[in-house]
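Report on one structure; see the data block that follows.
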Amino acid sequence: MQVLKGSRESLLTPLTTVSGIIETHQTVPILSNVLIQSDGSKVSFTGSNLEIQIKTHAELEQEGDPVAFTVSSRKIQDLIKSLPPTEVTISLGAARKAISAEGGNQVSQKMEVSTENSRFSLQTIPADKYPSFPDADFTSSATIPAKQLKYILSMVHYAMANQDIRFYLNAVRLVIKDGKVRAVATDGRRLAFCEITPDKNSVVSEDVSVTIPRKAVLELKRLLPEEDDDKEIPVKIDFAANQARFTFNGVEVTTKLLEGTYPDYERVIPTNNDKVFLISREALLQALQRTAVLASDKFKGVRWLLSPGLLSIQSSNSDQEEGNDNIAVDYQGDPIDIGFNIDFLSDVLSNLKNDKVKIALSGPQGSALITMPESDDFKYVLMPMRL
1433 MQVLKGSRES LLTPLTTVSG IIETHQTVPI LSNVLIQSDG SKVSFTGSNL
1483 EIQIKTHAEL EQEGDPVAFT VSSRKIQDLI KSLPPTEVTI SLGAARKAIS
1533 AEGGNQVSQK MEVSTENSRF SLQTIPADKY PSFPDADFTS SATIPAKQLK
1583 YILSMVHYAM ANQDIRFYLN AVRLVIKDGK VRAVATDGRR LAFCEITPDK
1633 NSVVSEDVSV TIPRKAVLEL KRLLPEEDDD KEIPVKIDFA ANQARFTFNG
1683 VEVTTKLLEG TYPDYERVIP TNNDKVFLIS REALLQALQR TAVLASDKFK
1733 GVRWLLSPGL LSIQSSNSDQ EEGNDNIAVD YQGDPIDIGF NIDFLSDVLS
1783 NLKNDKVKIA LSGPQGSALI TMPESDDFKY VLMPMRL
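Under our numbering, read the sequence shown as residues 1433 to 1819, first letter to last.
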């Protein structure tokens, strides 16, 4: 009998790490499973959706021969999560031949999850049926702190498209150039740009520009560790022609890259918006939340009337209901009447942490540029909408 033993947490942590890309309802049933393998010293856990693969390890006590099997990710994770803090034993029975639903022979092997007071039996699928991620020739690499990579992804991820037929917009463009690292996301109506200069312990050599798919971005954002001033955690990024691999904290995320020509985002960023004012981020966000109550559910539009010393935010809907919220601003330029999507404004304001934001306009037909007053590393471009 093959046996793995460990604490509830030592099993739950790797299962949670790889589960984010494993979908429950798959046309290929084995893709709903997690691959668990041992090599004598560590036990690896792997999840894949054929586009992204996440792999991590756990140190568990092993008895008998090395294990290699797949089991339902949702079921084993839910089981382990529901257990009290205790030692958990995973054991594999002998493999035996069985008749499949199609009438052919297949190998059947049960696994058992047990504690002092509980015992559960789950069906497995052989490890050799699990689809392997394609090999790649990784020719370049970079190493940057995890907190910096998480920061730039967090600053732009909300501007990615979702299920756009222009598949390359359902992604973040990651660019390493001139010793700097930037992330860009756009859905065609807004654009978020963030650039950082990696710290002195980073290794950034070759210039690279790749398009990372939406799901991989969200998984990286979930898995990258939170900022820790006492311990700097590096992320090694390896690049191939059609893949990128991120390795950090015992986790390896490998993703296919998207092809297609990414928009010329630098051309989109306004450079001559001369109607500029500072405004409290929290005050503006709260005003938008209030006026959103009476905004059209279909169009989600809000009207800005900017005049010297005052920003008036207005909304209305098909029931002839109206909302108006005024905020004092330090602005002395020409009046502007312009419309924006409330959600697109709220997204950026909710994501920023600054007390104030800087907003630059050119006129009623031009895109708005939202930045942080003390830094030029972040830019958010928002197209106006006709109301």
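Glycine residues also receive a C-beta, built at the ideal position from the N, C-alpha and C atoms.
For residue i, the three-state DSSP class (helix, strand or coil)
| i | result |
| --- | --- |
| leucine 1793 | strand |
| isoleucine 1608 | strand |
| glutamate 1627 | strand |
| serine 1750 | coil |
| threonine 1643 | strand |
| valine 1868 | Examination of residue 1868 is not possible in this model, given that the chain is present from 1433 through 1819 alone. |
| threonine 1448 | helix |
| valine 1725 | coil |
| glutamate 1441 | helix |
| glutamate 1491 | coil |
| isoleucine 1453 | coil |
| alanine 1648 | helix |
| glutamine 1764 | coil |
| lysine 1561 | helix |
| glutamate 1483 | coil |
| glutamate 1684 | strand |
| glutamate 1544 | strand |
| lysine 1653 | helix |
| leucine 1601 | helix |
| arginine 1818 | coil |
| alanine 1526 | coil |
| glutamine 1822 | Here the chain comprises residues numbered 1433 to 1819, so residue 1822 is not present and cannot be evaluated. |
| alanine 1615 | strand |
| alanine 1500 | strand |
| glutamine 1434 | strand |
| lysine 1788 | strand |
Terminal residues of the alpha helix (DSSP H) in which residue i lies
| i | result |
| --- | --- |
| serine 1505 | 1505-1514 |
| tyrosine 1697 | 1697-1700 |
Within 8 angstroms, strictly: CB atoms of residue i and residue j
| i | j | result |
| --- | --- | --- |
| arginine 1646 | asparagine 1674 | no |
| isoleucine 1628 | valine 1642 | no |
| valine 1734 | leucine 1623 | no |
| aspartate 1619 | methionine 1592 | yes |
| valine 1499 | glutamine 1469 | yes |
| isoleucine 1711 | leucine 1738 | no |
| isoleucine 1557 | threonine 1478 | no |
| alanine 1490 | glycine 1438 | yes |
| leucine 1444 | lysine 1513 | yes |
| leucine 1447 | lysine 1507 | no |
| glutamine 1485 | phenylalanine 1565 | yes |
| proline 1461 | alanine 1578 | no |
| histidine 1589 | lysine 1653 | yes |
| threonine 1571 | valine 1667 | no |
| proline 1816 | glycine 1771 | yes |
| cysteine 1707 | leucine 1793 | In the sequence under discussion, the amino acid at residue 1707 is lysine, which differs from the cysteine named in the question. Yes; because the gap between Cβ atoms is below 8 angstroms, this pair is in contact. |
| tyrosine 1377 | glycine 1741 | Absent from the structure is residue 1377, since the part of the chain shown begins at 1433 and ends at 1819. |
| valine 1761 | phenylalanine 1709 | yes |
| asparagine 1465 | serine 1505 | yes |
| threonine 1488 | valine 1649 | no |
| arginine 1440 | proline 1517 | yes |
| glutamate 1651 | valine 1685 | yes |
Residue i - containing beta strand (DSSP E), residue span
| i | result |
| --- | --- |
| asparagine 1783 | No beta strand (DSSP E) holds asparagine 1783; the alpha helix (DSSP H) holding it covers 1774-1783. |
| alanine 1574 | 1572-1577 |
| tyrosine 1812 | 1807-1814 |
| aspartate 1670 | 1666-1671 |
| glutamine 1675 | 1675-1680 |
| glutamine 1469 | 1465-1470 |
| serine 1739 | 1733-1739 |
| leucine 1690 | It is not in any beta strand (DSSP E) - leucine 1690 carries neither H nor E in the DSSP assignment. |
| isoleucine 1802 | 1800-1804 |
| lysine 1707 | 1707-1712 |
Rounded Cβ spacing between residue i and residue j (contact assumed at less than 8 angstroms)
| i | j | result |
| --- | --- | --- |
| threonine 1687 | alanine 1676 | 6 angstroms |
| valine 1604 | isoleucine 1644 | 5 angstroms |
| methionine 1433 | glycine 1496 | 6 angstroms |
| glutamine 1587 | phenylalanine 1810 | The question names glutamine, yet the displayed sequence has methionine at residue 1587. Correct: roughly 6 angstroms between the Cβ atoms. |
| serine 1778 | asparagine 1749 | So it is not a contact: roughly 17 angstroms between Cβ atoms. |
| serine 1744 | phenylalanine 1671 | Rounded, the Cβ-Cβ distance is 49 angstroms, inconsistent with contact. |
Should the segment 1609-1624 be called in touch with the segment 1544-1563, which here means at least 3 C-beta pairs below 8 angstroms? no
Are there three or more Cβ pairs, one per stretch, closer than 8 angstroms when the segment 1754-1766 is compared with the segment 1714-1725? yes
Tell me whether the segment 1802-1815 and the segment 1775-1790 touch, counting them as touching only if at least three CB pairs, one residue from each stretch, are closer than 8 angstroms. Under the three-pair Cβ rule at 8 angstroms, the segment 1802-1815 counts as touching the segment 1775-1790.
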